[in-house]
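Novice:
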Amino acid sequence: MKAVFFAGDGKVRVEEAPKPALEAGTVIVQVKASAICGSELGSFKKTRDPAKKWLNTGHELAGVIAEAPEGSPYRVGMRVGARVVQGCGECHWCRQGYETACAKKKFFAENGHSEYFKLGVNGIQPIPDGVAWPAASILAGDGLGVPARCARLLGDTKGRKIVVVGLGPIGLGCVMVQAFRGARIMGTDISSYRRDLALKLGAEQVVDAGAADVRKAVMDWTDGLGADVVILAVAREDALQTSIELARHHGTLFMVAELGQVMFKLNSALISKELTMTGSWYFTSADWPFMLSLHNAGLKYDRLVTHVYPVDRVQEAFDTFAAGQSGKVILTY
1 MKAVFFAGDG KVRVEEAPKP ALEAGTVIVQ VKASAICGSE LGSFKKTRDP
51 AKKWLNTGHE LAGVIAEAPE GSPYRVGMRV GARVVQGCGE CHWCRQGYET
101 ACAKKKFFAE NGHSEYFKLG VNGIQPIPDG VAWPAASILA GDGLGVPARC
151 ARLLGDTKGR KIVVVGLGPI GLGCVMVQAF RGARIMGTDI SSYRRDLALK
201 LGAEQVVDAG AADVRKAVMD WTDGLGADVV ILAVAREDAL QTSIELARHH
251 GTLFMVAELG QVMFKLNSAL ISKELTMTGS WYFTSADWPF MLSLHNAGLK
301 YDRLVTHVYP VDRVQEAFDT FAAGQSGKVI LTY
């Protein structure tokens, strides 16, 4: 099969690789489209560790089932997307649809940029008929899943003023979903391309995070009160500190960016304003019905897709994404 190979130091190429073998509790998906995730840029840019066995770190994909276990309810030819963090299905957390907290969770988060992909059956998400494959990789993957989980945890935000700090694909997805649900949005980013895209996705205002006084812009927009909610969607420690300052008294700081190990000051901007801080990592099976409800309600999530490349142009695709001049970048097979 064709598979993308991360050669390291910003180089990727297509190679021939063995097709994954069917195992108990899995299906083999013939991939039709896969989306590049921001979390892959580290592996793309750094020198490859020769001990790594994976070909690539793709994990946002959609396609059709090519092989399924005998007696499985999942039929060959079924249109599916992938939820790649899967729990045991039996523990306290899994019974609540919260597989990301499962102590025995498994990750099917490698080699998604390939013609075939092995997926655990607990991560199958059926794709409605009529959804184009690039859009399907958004519907069933991180592109919609992470913003949808954020929306579920935040609850009703209609009419509330939300600042999205960082307009990468996840931040843009949060703009899109929150605007669709009636929130008022301001977005901040250094990329003019992504600021313009945020406006098209429903933001009222955007601010150049590299040139403008973001705090003044937010205070002007909120009549000096600060934002009801600040969604932090960029993995920068200074952005975390800024986000705390942008929130109003009794506001919420919602973090969807993986910051790693960071230090921040527990100062009056957090404590005396009595802020609520919430983190969210990945979506779960409990989020899938909500994701489908957004689809059924008419959310045009395909607007996140700005570039589509055949897999043979994978270097161009990754270079485009790494430059920050895109929304979601999709590979097709």
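For the sequence shown, position 332 (counting from the first letter as 1) is numbered 332 according to the numbering used here, and the numbering increases by one without interruption.
Virtual Cβ for every residue (Gly too), placed ideally from N, Cα, C.
It should be emphasised that the depicted structure is a prediction, and the values quoted were computed from it without experimental measurement.
1) Examine the Cβ distances between the stretch 266 to 285 and the stretch 244 to 258 and report whether three or more of them are shorter than 8 Å.
2) Can the beta-carbon of ASP142 be found less than 8 Å from the beta-carbon of CYS37?
3) Can you tell me whether LYS45 is helix, strand or coil according to DSSP?
4) Following the continuous beta strand (DSSP E) through MET234, name the residue where it begins and the one where it ends.
5) With distance defined between alpha-carbon atoms, name the residue in ALA66, ALA82, VAL121 nearest to ALA24.
6) Can you tell me whether THR320 is helix, strand or coil according to DSSP?
7) Classify PRO134 as helix, strand or coil using the three-state DSSP reduction.
8) Using the C-alpha atoms, what's the distance from ALA323 back to VAL329?
9) Measuring only the C-alpha atoms, how far is ASP213 from LYS2?
10) Going by the beta-carbon positions, is the gap between LYS118 and THR26 smaller than 8 Å?
11) Just to confirm, are ALA148 and LEU294 a CB contact at a threshold of 8 Å?
12) Should GLN178 be labelled buried (16 or more other beta-carbon atoms within 10 Å of its own) or exposed?
13) Given ALA286, which residues of its chain have a CB within under 6 Å of its CB, disregarding the five upstream and five downstream residues?
14) Excluding the 5 residues preceding and the 5 following ALA257 in the sequence, name in chain order all residues of the same chain whose CB lies nearer than 7 Å to its CB.
15) For LYS200, count neighbouring Cβ atoms within 10 angstroms of its own Cβ and tell me buried if that reaches 16, exposed if not.
16) Give the secondary structure of ALA148 by DSSP, where H, G and I count as helix, E and B as strand, and everything else as coil.
17) Determine which residues share a DSSP beta bridge with MET78 and list them.
18) For ALA51, count neighbouring C-beta atoms within 10 Å of its own C-beta (all shown protein chains included) and say buried if the count is 16 or more, exposed if not.
19) May I have the straight-line CA-CA distance separating ARG248 from ALA227, to the nearest angstrom?
20) So which of ARG160, THR320, TRP93 has the shortest CA-CA distance to HIS250?
21) Please name the residue, chosen from GLY168, VAL164, ARG194, that lies closest to ALA183 on a Cα-to-Cα basis.
22) Tell me which residue opens and which closes the alpha helix (DSSP H) that TYR98 is part of.
23) State yes or no: is the C-beta of GLU60 within less than 8 Å of the C-beta of SER34?
24) Is ARG83 helix, strand or coil by DSSP?
25) Let me know if GLY71 comes out buried or exposed under the rule of 16 or more other beta-carbons within 10 Å of its beta-carbon.
26) Rounded to whole angstroms, how far is the Cβ of GLY171 from the Cβ of GLY187, which I believe are closer than 8 Å?
27) Pairs of beta-carbons, one from the stretch 127 to 135 and one from the stretch 215 to 225, closer than 8 Å: are there three or more?
Specialist: Answer, in terms of the structure:
1) yes
2) Walking along the sequence shown from the start, residue 142 turns up at place 142. Walking along the sequence shown from the start, residue 37 turns up at place 37. Contact check for ASP142 against CYS37 passes: the beta carbons are separated by less than 8 Å.
3) In the sequence shown, counting from the first residue as 1, residue 45 sits at position 45. Residue state, collapsed to three classes: helix.
4) Taking the first residue of the sequence shown as position 1, residue 234 is located at position 234. Contrary to the premise, residue 234 reads as Val rather than Met in this sequence. Run containing VAL234: none; DSSP gives neither H nor E here.
5) As a position in the sequence shown, residue 24 is number 24, starting the count at 1. With distances taken between Cα atoms, ALA24 lies closest to VAL121.
6) For the purposes of this step, residue 320 is taken as the residue at position 320 of the sequence shown. The answer is helix: DSSP assigns THR320 an H, G or I state.
7) Within the sequence shown, the letter at position 134 stands for residue 134. Taken through DSSP and simplified to helix, strand or coil, PRO134 comes out as helix.
8) Taking the first residue of the sequence shown as position 1, residue 329 is located at position 329. Taking the first residue of the sequence shown as position 1, residue 323 is located at position 323. The straight-line gap from Cα to Cα measures roughly 12 Å.
9) Taking the sequence shown and counting its residues from 1, one reaches residue 213 at position 213. Taking the sequence shown and counting its residues from 1, one reaches residue 2 at position 2. Straight-line Cα distance between these residues: approximately 47 Å.
10) For the purposes of this step, residue 118 is identified with residue 118 of the sequence shown, where counting begins at 1. For the purposes of this step, residue 26 is identified with residue 26 of the sequence shown, where counting begins at 1. Taking 8 Å as the Cβ cut-off, LYS118 and THR26 qualify as a contacting pair.
11) As a first step, residue 148 must be located in the sequence shown, where it is residue number 148. As a first step, residue 294 must be located in the sequence shown, where it is residue number 294. Yes.
12) The residue given as residue 178 occupies position 178 in the sequence shown. Classification for GLN178: buried.
13) The sequence position of residue 286 within the sequence shown is 286, counting from 1. Same-chain partners within the cutoff: GLY97.
14) Stepping through the sequence shown from its first residue, residue 257 is reached at position 257. Counting only Cβ-Cβ distances below 7 Å, and skipping sequence neighbours, we find GLY166, LEU232, ALA233, VAL234, ALA235.
15) Position 200 of the sequence shown, counting from 1, holds the residue named residue 200. So LYS200 counts as exposed.
16) Looking up residue 148 in the sequence shown gives position 148. Note: ALA148 maps to helix in three-state DSSP.
17) Taking the first residue of the sequence shown as position 1, residue 78 is located at position 78. According to DSSP, MET78 bridges with nothing at all.
18) Stepping through the sequence shown from its first residue, residue 51 is reached at position 51. Exposed, by the Cβ-count rule.
19) Counting from one through the sequence shown, the residue named residue 248 turns up at place 248. Counting from one through the sequence shown, the residue named residue 227 turns up at place 227. Roughly 5 Å between the two C-alpha positions.
20) Within the sequence shown, residue 250 is the residue found at index 250, counting from 1. Taking only the C-alpha atoms, the option nearest HIS250 is ARG160.
21) Here residue 183 corresponds to residue number 183 of the sequence shown, with the count starting at 1. For the residues GLY168, VAL164, ARG194, the minimum Cα distance to ALA183 belongs to VAL164.
22) As a position in the sequence shown, residue 98 is number 98, starting the count at 1. First-last for TYR98: undefined, no H or E at that position.
23) Your numbering for residue 60 matches position 60 in the sequence shown. Your numbering for residue 34 matches position 34 in the sequence shown. Contact flag set, yes.
24) Residue mapping note: residue 83 aligns to position 83 of the sequence shown, counting from 1. If DSSP states are grouped into helix, strand and coil, ARG83 belongs with coil.
25) As a first step, residue 71 must be located in the sequence shown, where it is residue number 71. Exposed, because fewer than 16 other Cβ atoms sit within 10 Å of the Cβ of GLY71.
26) In the sequence shown, the residue the question calls residue 171 occupies position 171. In the sequence shown, the residue the question calls residue 187 occupies position 187. Yes, GLY171 and GLY187 are in contact; Cβ-Cβ is about 7 Å, under 8 Å.
27) no
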